[in-house]
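For the record, in the sequence shown the residue sitting at position 387 is 468 according to our numbering, with numbers rising by one throughout.
First up is the structure itself, then whatever we jot down about it.
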Amino acid sequence: MRELRSQSEGRERSGSVTDFVGRRRELKELREDIARTGLDTLSGRKAKAPRARVLLVAGRPGSGRTALAETFVREVADQYPDGVLRTRLTAPGGETVATERALRGLLAGLGRRTPPGAGEDELSSALRTALQERRAIILIDDAADPHQVDALLPDTPECLVVVTAEGPLTGIPDVRPCTLGGLDTVSAVAMLARRIGDTRITADPRAAEALTEACGGQPAALELVGGWLAARPKAAVADVAKQLHDTPTGAGGPLGRAFRLVYDSLPQPAQRTLRLLPLAPAGLVDSHTASALAGCSVAAAQSTLDDFAGLGLVRHAPDGLFLLPGCLAPMLQALLETKERPAEVQLARARMLERAVRLLHSCRAMAAAEGDDVDADLQELLDGLPRALRFPDRRAAAVWLDTRLPALSAAASLAVADGELDTLARRLVAALVRALADHRGTTEAAPELYGLHRLVLDVAERRGLHREQAAALLNLADLDAETGRTQEALERYRAALDAGRAANDPYATGRAMESVGGAYQELADWHRASDWFGRALAQALSRGERADEARLYGRLGNVHTYAGRYGDALRSWRAAAAGYRKLADVPGQAKALSEMARVQEYAGRPEESLHTCREAVELARRAGDQRLQAALQVRLADTLDRLGDPAAARLHRSAADRLLGDDPAACEIRSGSD
Numbered sequence: 082m083r084e085l086r087s088q089s090e091g092r093e094r095s096g097s098v099t100d101f102v103g104r105r106r107e108l109k110e111l112r113e114d115i116a117r118t119g120l121d122t123l124s125g126r127k128a129k130a131p132r133a134r135v136l137l138v139a140g141r142p143g144s145g146r147t148a149l150a151e152t153f154v155r156e157v158a159d160q161y162p163d164g165v166l167r168t169r170l171t172a173p174g175g176e177t178v179a180t181e182r183a184l185r186g187l188l189a190g191l192g193r194r195t196p197p198g199a200g201e202d203e204l205s206s207a208l209r210t211a212l213q214e215r216r217a218i219i220l221i222d223d224a225a226d227p228h229q230v231d232a233l234l235p236d237t238p239e240c241l242v243v244v245t246a247e248g249p250l251t252g253i254p255d256v257r258p259c260t261l262g263g264l265d266t267v268s269a270v271a272m273l274a275r276r277i278g279d280t281r282i283t284a285d286p287r288a289a290e291a292l293t294e295a296c297g298g299q300p301a302a303l304e305l306v307g308g309w310l311a312a313r314p315k316a317a318v319a320d321v322a323k324q325l326h327d328t329p330t331g332a333g334g335p336l337g338r339a340f341r342l343v344y345d346s347l348p349q350p351a352q353r354t355l356r357l358l359p360l361a362p363a364g365l366v367d368s369h370t371a372s373a374l375a376g377c378s379v380a381a382a383q384s385t386l387d388d389f390a391g392l393g394l395v396r397h398a399p400d401g402l403f404l405l406p407g408c409l410a411p412m413l414q415a416l417l418e419t420k421e422r423p424a425e426v427q428l429a430r431a432r433m434l435e436r437a438v439r440l441l442h443s444c445r446a447m448a449a450a451e452g453d454d455v456d457a458d459l460q461e462l463l464d465g466l467p468r469a470l471r472f473p474d475r476r477a478a479a480v481w482l483d484t485r486l487p488a489l490s491a492a493a494s495l496a497v498a499d500g501e502l503d504t505l506a507r508r509l510v511a512a513l514v515r516a517l518a519d520h521r522g523t524t525e526a527a528p529e530l531y532g533l534h535r536l537v538l539d540v541a542e543r544r545g546l547h548r549e550q551a552a553a554l555l556n557l558a559d560l561d562a563e564t565g566r567t568q569e570a571l572e573r574y575r576a577a578l579d580a581g582r583a584a585n586d587p588y589a590t591g592r593a594m595e596s597v598g599g600a601y602q603e604l605a606d607w608h609r610a611s612d613w614f615g616r617a618l619a620q621a622l623s624r625g626e627r628a629d630e631a632r633l634y635g636r637l638g639n640v641h642t643y644a645g646r647y648g649d650a651l652r653s654w655r656a657a658a659a660g661y662r663k664l665a666d667v668p669g670q671a672k673a674l675s676e677m678a679r680v681q682e683y684a685g686r687p688e689e690s691l692h693t694c695r696e697a698v699e700l701a702r703r704a705g706d707q708r709l710q711a712a713l714q715v716r717l718a719d720t721l722d723r724l725g726d727p728a729a730a731r732l733h734r735s736a737a738d739r740l741l742g743d744d745p746a747a748c749e750i751r752s753g754s755d
């Protein structure tokens with residue numbers, strides 16, 4: 082059985098299936114539901130759409146719904162050889178996870194790349210296509226919105242979808258919920274015994290039953306009380322049962338009583354650390370996050386988190402992470418709001434963001450291969466970091482970035498939405514963009530970068546930062562252009578031009594004008610493309626930016642060539658070649674002359690093309706560019722054939738063959754340089 086994982090959600094599994102007890106009746110019902118004849122729950126008619134079977138495990142937070150779903154999936158996994166995909170639709174703090182994020186995670190688990198900026202419909206269609214020929218399970222945890230679930234459903238009855246939610250999923254056809262209450266007494270006592278051992282249970286079985294009754298048979302409450310008793314081997318089960326029974330129920334019910342028992346037993350520093358954990362983005366906590374929030378050492382934070390895990394207040398996750406249980410989040414949030422002053426909360430959040438920025442600088446510095454020079458500014462930042470914030474090697478830094486990315490992305494989004502921490506938000510986004518680009522490359526990281534650039538744009542628009550607005554729009558437009566959304570890219574390039582002009586930023590305006598021209602070129606609108614390239618060229622000429630001048634002459638030459646305006650194309654390429662010559666850029670000059678020779682051949686001037694091509698060959702040889710030299714040799718051979726000199730043509734083709742050798746792209750060049 083192959084295990085597929087959502088890239089962003091696979092590590093956020095809550096509960097431990099190895100500690101699972103009871104629920105045999107519910108498991109039997111779920112297995113029977115797989116083969117049950119489907120009905121449309123809204124109309125009472127047989128379901129017609131060939132969609133995946135959807136099974137719903139419904140229960141209040143803390144009822145063990147996720148553990149039951151995980152156990153069920155393990156039991157039926159052998160019937161679905163294409164694996165299990167997981168996603169979570171509600172963050173531990175109660176925030177709804179964006180449908181696009183859930184879809185991207187599922188597609189990543191299937192090894193499918195997703196275009197940056199793609200919307201829900203496009204991603205949903207891609208997921209259905211990817212699962213069309215598969216027999217897999219999708220486990221959707223903590224669904225709050227049936228419309229979100231609907232976007233994730235495969236259009237094939239060969240797949241199975243298991244959903245956990247607090248209530249029914251009205252509007253999803255053919256769903257009959259398996260509703261959970263408390264565990265039966267035998268199962269609840271067995272769960273308690275796994276936490277504290279059999280001795281105290283055997284010594285007073287009635288007290289154990291009374292304790293499980295006080296916990297309402299609720300797995301989360303039993304987990305907390307069991308953790309408290311496990312940490313106190315001499316505590317009597319009967320005393321704890323009486324204490325819980327005598328505690329007013331309050332709004333939290335049995336879970337609230339169990340939580341209060343554990344919370345009140347903590348030292349004050351640990352209580353404060355626990356109260357601050359809801360600030361951890363995406364409910365993911367590690368020693369650095371806890372250290373920054375509480376203002377304590379990393380070692381002390383790690384020790385505290387380990388203690389919390391033993392008590393059931395957090396759950397262990399891979400790679401040094403801890404997960405805050407969603408069922409405890411409302412109680413912790415209430416404590417945070419009543420016990421902590423707003424200024425202290427904001428300060429804790431600022432410390433957490435600052436720590437993330439410093440870790441990202443350290444992570445980025447490790448992206449450089451060992452022995453390579455690190456940027457001087459980055460090295461200075463790295464030298465100023467304490468040992469606890471450094472990574473031992475590149476691999477450790479990459480693992481940290483991968484595992485913390487959901488939390489880092491959530492932190493950036495929350496910081497931008499906050500509005501009061503814009504400076505830190507901008508620094509965090511910039512550091513995350515650079516770390517992702519350095520570790521993964523801009524192509525692989527494009528979906529994440531797209532979202533981050535949108536965050537930068539939000540802050541820039543809110544603060545009236547025109548230069549940053551222009552930069553964000555240019556970055557977003559580039560990603561749109563790379564994925565074929567040329568019209569969207571064109572609109573953003575034009576908006577970037579307006580922002581660049583408002584900022585009086587010649588770099589941004591020049592870059593935007595050139596990019597607008599490039600978008601029109603992609604749309605085959607040669608007239609507008611040449612017009613915008615001309616505007617960008619005029620600005621470059623006025624500022625004496627020679628490298629930009631040469632490049633823009635070349636872009637104009639390309640557009641004129643496509644439009645069949647060979648005279649204009651030759652003038653542009655001749656100017657480009659002259660510009661590269663002044664810059665002493667031999668490869669650039671060789672390529673410009675190569676294009677000039679091509680245009681001369683199109684224009685029916687083979688003798689001139691032959692002369693220009695020979696000049697370009699010599700420059701390519703001086704530049705050491707063998708592939709360009711070989712392509713020019715092939716072009717020379719083709720021209721000589723047309724001029725009636727096959728012997729000379731064979732000599733040039735032989736020279737091209739010698740230059741190419743075993744180059745895998747040789748066949749493309751040998752077929753002709755055009």
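Glycine included, every Cβ here is placed at the ideal spot set by N, Cα and C.
Q: Would you give the residue range spanned by the beta strand (DSSP E) that Pro258 belongs to?
A: Per DSSP, Pro258 belongs to the beta strand (DSSP E) from Pro258 to Thr260.
Q) Going straight from the alpha carbon of Trp613 to that of Ala600, what length do you get? A) 10 Å
Q) Anyone know if the C-beta pair for Thr73 and Ser690 falls short of 9 Å? A) It is not possible to answer for residue 73, since the shown part of the chain is limited to 82 through 755.
**Q.** Cβ-Cβ separation, His397 to Phe403 (assumed contact under 8 Å), whole Å
**A.** 6 Å
Q: Quick one: grab the DSSP three-state call for Arg731.
A: helix
Q. Applying the criterion that 16 or more other CB atoms from any shown protein chain within 10 Å of the CB defines a buried residue, is Ala189 buried or exposed?
A. Its Cβ being crowded by 16 or more others within 10 Å, Ala189 is buried.
Q) Going along the chain, which residues of its own chain have a beta-carbon closer than 8 Å to the beta-carbon of Arg695, five neighbours each way excluded? A) Leu717
Q: Taking only runs that begin and end inside the segment 390-459, name each unbroken beta strand (DSSP E) of 3 or more residues, in chain order.
A: none
Q) So, is Arg126 buried or exposed, given that buried needs 16 or more other C-beta atoms within 10 angstroms? A) Residue placement at Arg126 cannot be trusted, given a pLDDT of 44 that sits under 50; the coordinates are not used to answer.
Q. Is the Cβ-Cβ distance between Leu637 and Gln670 less than 9 Å?
A. no
Q. Around the C-beta of His228, are 16 or more other C-beta atoms found within 10 angstroms, so that it is buried, or is it exposed?
A. Its Cβ having fewer than 16 others within 10 Å, His228 is exposed.
Q. Val343 by DSSP, collapsed to three states: which one?
A. helix
Q: Check the DSSP bridge columns for Leu170 and list the partner residues they point to.
A: Leu170 is not bridged to any residue.
Q: Please classify Leu741: is it buried, with 16 or more other beta-carbons within 10 angstroms of its beta-carbon, or exposed?
A: buried
Q: List the endpoints of the continuous beta strand (DSSP E) containing Asp222.
A: Ile218 to Ala224
Q) Do you know offhand how far Thr251's Cα is from Ala225's? A) 11 Å
Q: Output the boundary residues of the beta strand (DSSP E) element that contains Leu136.
A: Counting along the chain, the beta strand (DSSP E) containing Leu136 begins and ends at Arg134 to Ala139.
Q. According to DSSP, is Ala246 helix, strand or coil?
A. strand
Q. Does the distance from the CB of Asp527 to the CB of Pro197 come in under 9 Å?
A. First, the residue type needs correcting, since residue 527 is Ala and not Asp in the sequence shown. Yes, Cβ-Cβ distance for Ala527 and Pro197 is below 9 Å.
Q.
Comparing C-alpha positions only, which one of Ser268, Leu136, Glu176 and His547 sits nearest to Leu220?
A. Relative to the Cα of Leu220, the nearest Cα in the group Ser268, Leu136, Glu176 and His547 belongs to Leu136.
Q) Quick one: Cα of Ala493 to Cα of Gly337, how far? A) When rounded, the distance between both Cα atoms is 32 Å.
Q: Quickly, what does DSSP pair Thr177 with across the bridge? List them, please.
A: Thr171
Q: Let me know if Thr590 comes out buried or exposed under the rule of 16 or more other beta-carbons within 10 Å of its beta-carbon.
A: Around the CB of Thr590, 16 or more other CB atoms lie within 10 Å, so the residue is classed as buried.
Q.
I'd like to know whether the C-beta atoms of Gly635 and Ala673 end up nearer to each other than 9 Å.
A. yes
Q.
Counting C-beta neighbours from all protein chains within 10 Å, is the total for Ala711 16 or more, i.e. buried, or is it exposed?
A. buried
Q: Classify Leu191 as helix, strand or coil using the three-state DSSP reduction.
A: coil
(Q) Pop quiz: Asp223 and Thr245 are said to be a contact at Cβ under 8 Å. What is the actual Cβ separation, rounded to whole angstroms? (A) 6 Å
Q. For the candidate residues Tyr161, Leu664, Ala657 and Trp607, whose alpha-carbon lies nearest to that of Arg646?
A. Trp607
(Q) Rounding to the nearest angstrom, what Cα-Cα distance links Val321 and Leu417 in this structure? (A) Answer to the nearest angstrom: the Cα atoms are 26 Å apart.
Q: Answer yes or no: do Leu261 and Gly376 have a C-beta to C-beta separation smaller than 9 Å?
A: no
Q) When DSSP builds the beta bridges, which residues end up paired with Leu651? A) Note: Leu651 sits in no beta bridge, so no partner.
Q) Under three-state DSSP, which class holds Ala618? A) For the record, residue 618 in the displayed sequence is Leu; it is not Ala. Correct three-state label for Leu618: helix.
Q) Excluding the five sequence neighbours on either side, which residues of its own chain have a C-beta within less than 6 Å of the C-beta of Leu538, listed in chain order? A) Ala553
Q: Please determine if the segment 196-211 and the segment 140-156 are in contact, where contact requires at least 3 C-beta pairs separated by less than 8 Å.
A: Not touching, per the Cβ criterion.
(Q) Using only CA atoms, which one of Ser735, Thr642, Asp327 and His692 lies nearest to Glu294? (A) The candidate whose alpha carbon is nearest that of Glu294 is Asp327.
Q.
By alpha-carbon positions, which one of Ile282, Arg287, Gly334 and Pro329 ends up nearest to Leu310?
A. Ile282
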